[in-house]
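Down below is the structure, laid out as structure tokens.
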Amino acid sequence: LQVKCERSSSPEDLGRKFVTSGAKRFAPLPKDCLPSCPQYKRNRREWADRCVKEIEALNLKPERKLIRDDGLIIDWTSAVPVCPDTLRPETLDLAATIVLAHQTNAWRPLPRVCRTSPSKLQSVATKPTPERPA
75 LQVKCERSSS PEDLGRKFVT SGAKRFAPLP KDCLPSCPQY KRNRREWADR CVKEIEALNL
135 KPERKLIRDD GLIIDWTSAV PVCPDTLRPE TLDLAATIVL AHQTNAWRPL PRVCRTSPSK
195 LQSVATKPTP ERPA
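Heads up: the sequence shown begins at 75 in the numbering used here, then just goes up one per residue.
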């Protein structure tokens with residue numbers, strides 16, 4: 075019996091995508107926001123305001139909100155790319171940071187080093203000064 079060896083795909087291999095805008099759905103509607111409740115319109119506004127605060131707590135900017143019979147949808151934007159499932163910016167662990175630094179440095183050209191000859195270094199070191207005559 076021969077088992078085929080396949081490389082497992084890790085999340086890093088799949089290339090996580092980050093977004094700067096999207097929509098978040100809050101559902102279901104709380105019972106006091108249903109039309110059967112006498113104050114349902116006021117309750118919906120208060121609930122929507124609490125949901126907007128949740129979005130703002132994630133450093134996202136709410137753009138629009140839509141309350142429907144099945145829930146609330148808030149469109150949002152972000153100045154920083156965020157992960158679509160957590161709505162949080164990318165955070166790297168130490169291992170991922172080292173790998174990213176290695177990849178970044180591999181593509182950078184080597185820095186130019188100013189090389190002076192030993193004779194020039196010696197002449198600078200033995201140059202007469204008022205404190206030390208030649």
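Heads up, the beta-carbon is just placed ideally off N, CA and C, and yes, glycines get one too.
What is the rounded straight-line gap between the Cα of Val126 and the Cα of Leu108? 19 angstroms
For Phe100, write down the residues that DSSP places opposite it in a beta bridge. Leu146
How many whole angstroms separate the CB atoms of Ser152 and Ser110, which I take to be in contact at a CB cut-off of 8 angstroms? Not confirmed; about 37 angstroms, so no contact.
Residue nearest to Leu146 in terms of C-alpha spacing, selected from Thr160, Leu132 and Trp121: Trp121
Arg118 (DSSP reduced to helix, strand or coil): helix
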